[in-house]
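Report on the following structure.
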């Protein structure tokens with residue numbers, strides 16, 4: 004997938020895990036974002052589609068292309084953003 008330079012759009016694949024997947028009721032969605040975009044922009048777009056994810060506003064963890072990512076990380080077209088609920092266990 005290419006960035007559409009006319010509209011400044013980019014496409015990101017968003018994967019969901021654990022309780023986030025249960026809320027969204029999907030393993031993956033495709034998210035169209037306006038460039039430049041960050042993890043935060045993708046998170047906001049996903050919450051617009053599924054407002055119940057706001058329950059994880061402070062605790063969600065993110066990875067971009069299989070590496071931990073802060074909310075400020077830039078996204079490029081074709082990136083894979085994974086969203087995880089808080090990790091717990093013993």
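In my numbering, the protein residues as written are 4 to 93. For every residue, glycine included, the Cβ atom is placed at its ideal position computed from N, Cα and C. Remember, it's a predicted structure, so these values are computed and weren't measured experimentally.
Quiz item: For residue 36 versus residue 13, is the C-beta distance shorter than 7 Å?
Solution: In this structure, residue 13 lies closer than 7 Å to residue 36 by Cβ.
Self-check item: Inter-residue Cα distance where the pair is residue 15 and residue 30
Solution: Going by the C-alpha atoms only, they are around 14 Å apart.
Quiz prompt | Inter-residue CB distance, residue 56 and residue 67 (contact presumed, cutoff 8 Å) | solution = No, residue 56 and residue 67 are not in contact; Cβ-Cβ is about 18 Å, not under 8 Å.
Practice problem: Report yes if the CB atom of residue 84 is closer than 7 Å to the CB atom of residue 27, and no otherwise. | Solution: With respect to residue 27, residue 84 sits apart: the two C-beta atoms are not nearer than 7 Å.
Quiz item: If you draw a straight line from the alpha carbon of residue 41 to that of residue 82, how long is it in whole angstroms?
Solution: Whole-angstrom Cα-Cα distance: 11 Å.
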